[in-house]
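Q: For the protein sequence lines, the chains are A and B, in the order given.
Be aware that the first sequence starts at 76, since it is given in the working numbering, and climbs by one per residue.
Be aware that the second sequence starts at 3, since it is given in the working numbering, and climbs by one per residue.
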Amino acid sequence: MVDLLFYVFAAVVLGGGIGVVLARSPVGSLLFMLATLFAMAGIFVLFEAHFLAAIQVMVYAGAIMVLFLFVIMLLNLGHDFRKDFTHGAGMIAAFAVAGLLAGLLARQLRGTGDHPLYAFFPGPEGMDALLAERGAVGAIAHPLFTDYVVAFELTGILLLMALVGAIAIAKQRV
Amino acid sequence: MLVEALVLSAILFVIGTAGVLIRRNAIIMFLCIELMLNAVNLSFVALSRYLGIEGQLYVFFVMTVAAAEAAVGLAIIIAIFRHYETVNVDNFNLLKW
């Protein structure tokens, strides 16, 4: 059952990803991206990352994508979307680079399942015990506020800087 | 399911890369970058199922940085659009030689 669900979500993720690249209008791309994000949240649930799945839907699909939508609606992009794609040599170069990357990743992933390193993987039992003990949120919150508290605070500063920077850049005077 | 998730993540990353290279619309290039970030998030989550909770923590930080990046990037796109009346990256050649 879980495997079947994974393949359904994976199909939606891949179809949405291809749709993002090939959709003609920016709004179409955005809607395909939303489908990808929701399916990705489903895959997160299958991997027992419930908190991240909720964050994915609320923050990514709910906030960031709406920000993109606002900007698309704000800018008058017109209806001539042919110029949105590269032509000729640029297209060939793009496919060459993407193919090269795909080849490198395939070479890296070949035989991953029976790599000797996998014998040392702890297996999902440890995570199951942790989740049962602390719950989906507590399992993330505990290390976040102890071992990683400096990174957490720095993230807050980063968000403040992004806030100030975004307002300063998007202000009327350029 | 781990290997399948890693393969899916790799394919999604390649799709995102191809999108950045194929599309000329700055907003869609941004969306493709988000796609690549999501592909990496999937790898983190899949591996965290076996290697411990840290993978999910990194995804948490990646999402925060992605939100900050999207806000600043879209502000830059708005500023550029105000100047050039387009978001087609072919027209932005100030730093090209």
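C-beta atoms are modelled at their ideal positions from N, C-alpha and C, and glycine is treated no differently.
All values reported here derive from a predicted model rather than from experimental measurement.
#1: Check each candidate in A:P199, A:I244 and A:G117 and name the one with the smallest Cα separation from A:L80.
#2: Please determine, among A:F143, A:E123, A:F119 and A:L144, the residue with the shortest C-alpha to C-alpha distance to A:L132.
#3: Does the separation of the CB atoms of B:L14 and A:V88 fall below 8 Å?
#4: Using 8 Å as the Cβ pair cut-off and three pairs as the minimum, do the stretch 25 to 32 of chain B and the stretch 83 to 94 of chain B touch?
#5: Run the CB neighbour count on A:T221, radius 10 Å, all protein chains shown included, and call it buried at 16 or more, exposed below.
#6: What does a CB cutoff of less than 8 Å around A:A110 pick up in its chain, not counting 5 residues either side in sequence?
#7: Could you compute how far the alpha carbon of B:A68 sits from the alpha carbon of A:P197?
#8: At a Cβ threshold of 8 Å, is A:L270 touching chain B?
#9: Going along the chain, which residues of its own chain have a beta-carbon closer than 7 Å to the beta-carbon of A:F145, five neighbours each way excluded?
#10: Decide if A:G210 is buried, meaning its Cβ has at least 16 other Cβ atoms within 10 Å, or exposed.
#11: Taking the CB atoms as reference points, tell me whether B:L8 and B:A48 lie closer together than 8 Å.
#12: Are any of the Cβ atoms in chain B nearer than 8 Å to that of A:A136?
#13: Who are the Cβ neighbours of A:V212 in its own chain at under 6 Å, not counting the five residues just before and after it?
#14: Is the CB-CB distance between A:L180 and B:V16 below 8 Å?
#15: Got a sec: is the Cβ-Cβ distance from A:A177 to anything in chain B below 8 Å?
#16: Under 9 Å between beta-carbons, which chain B residues line up against A:T161? List them in chain order, please.
#17: Which bits of chain B does A:I62 rub up against, with CB to CB less than 8 Å?
#18: Below 8 Å on C-beta distance, what does B:Y86 contact in chain A?
#19: Counting Cβ pairs closer than 8 Å, one from the stretch 225 to 235 of chain A and one from the stretch 138 to 156 of chain A, do we hit at least three?
#20: Measure the alpha-carbon distance for A:L106 versus B:V64 and round it to whole angstroms.
#21: Rounded to whole angstroms, what is the Cα-Cα separation between A:M102 and B:N40?
#22: I'd like to know if B:L10 contacts chain A, where contact means its C-beta is closer than 8 Å to some C-beta of that chain.
#23: Distance check for B:V22 and B:T108, CA to CA, integer angstroms please.
#24: How close, in whole Å, do the beta carbons of A:A237 and B:A70 come, if the pair is a contact with beta carbons under 8 Å?
#25: From the beta carbon of B:I17, is the nearest beta carbon of chain A less than 8 Å away?
#26: Along chain B, in chain order, which residues have C-beta atoms closer than 7 Å to that of A:F122?
#27: Chain B partners of A:V146, CB-CB under 8 Å?
#28: I need the straight-line Cα distance from A:Y135 to B:L76, nearest angstrom please.
#29: Given a cut-off of 8 Å, decide if B:I55 and A:P218 are closer than it, judged by their beta-carbon atoms.
A: According to the structure shown:
#1: Of the listed residues, the one whose Cα sits closest to A:L80 is A:G117.
#2: In the sequence as displayed, the identity of residue 132 of chain A is Val instead of Leu. Ranked by Cα distance from A:V132, the options A:F143, A:E123, A:F119 and A:L144 are led by A:F119.
#3: Yes. Within cutoff.
#4: The answer is yes - the stretch 83 to 94 of chain B touches the stretch 25 to 32 of chain B, with three or more Cβ pairs under 8 Å.
#5: By the neighbour-count definition (other C-beta atoms within 10 Å, threshold 16), A:T221 is an exposed residue.
#6: Residues of the same chain with a CB within less than 8 Å of the CB of A:A110, apart from the 5 flanking positions on each side, are V87, G90, G91 and G94 in chain order.
#7: Here the alpha carbons of A:P197 and B:A68 stand approximately 30 Å from one another.
#8: Nothing can be reported for residue 270 of chain A: it is not among the residues displayed for chain A, which extend from 76 to 249.
#9: If we look at A:F145 and ignore the five residues flanking it on each side, it has no Cβ neighbours.
#10: Counting every other CB atom within 10 Å of its CB across the protein chains shown gives A:G210 a total below 16, marking it as exposed.
#11: Going by C-beta atoms, B:L8 is nearer than 8 Å to B:A48.
#12: Taking 8 Å as the threshold, the shortest C-beta distance from A:A136 to chain B does not fall below it.
#13: So the list reads F126, once near-sequence residues are dropped.
#14: Contact annotation: A:L180 and B:V16 have beta-carbon atoms nearer than 8 Å.
#15: The beta-carbon of A:A177 is placed less than 8 Å from the nearest beta-carbon of chain B.
#16: By Cβ distance, chain B contributes L23, I24, R25, R26 and D92.
#17: Residue numbering for chain A in the displayed model covers 76 to 249; residue 62 of chain A lies beyond these limits and cannot be assessed.
#18: Against chain A, the beta carbon of B:Y86 has no neighbour under 8 Å; the closest one sits roughly 11 Å away.
#19: Below 8 Å, too few C-beta pairs join the stretch 225 to 235 of chain A and the stretch 138 to 156 of chain A to call them touching: fewer than three.
#20: Pairing A:L106 with B:V64, the inter-Cα distance amounts to about 22 Å.
#21: First, the amino acid is wrong: residue 102 of chain A is Val here, not Met. One C-alpha to the other measures close to 19 Å.
#22: Output row for B:L10: interface = yes.
#23: No statement about residue 108 of chain B is possible, as the shown extent of chain B runs from 3 to 99 and does not include it.
#24: Contact holds; Cβ gap of about 4 Å.
#25: Contacts with chain A at 8 Å (Cβ-Cβ) include B:I17.
#26: Below the 7 Å Cβ cutoff, chain B contributes V47, A48 and R51 as neighbours of A:F122, in chain order.
#27: Counting only Cβ-Cβ distances below 8 Å, A:V146 has contacts in chain B at I29, L76, I79 and I80, in chain order.
#28: One Cα belongs to A:Y135, the other to B:L76, and the distance between them is close to 15 Å.
#29: Against a cut-off of 8 Å, the Cβ pair of B:I55 and A:P218 comes out as a contact.
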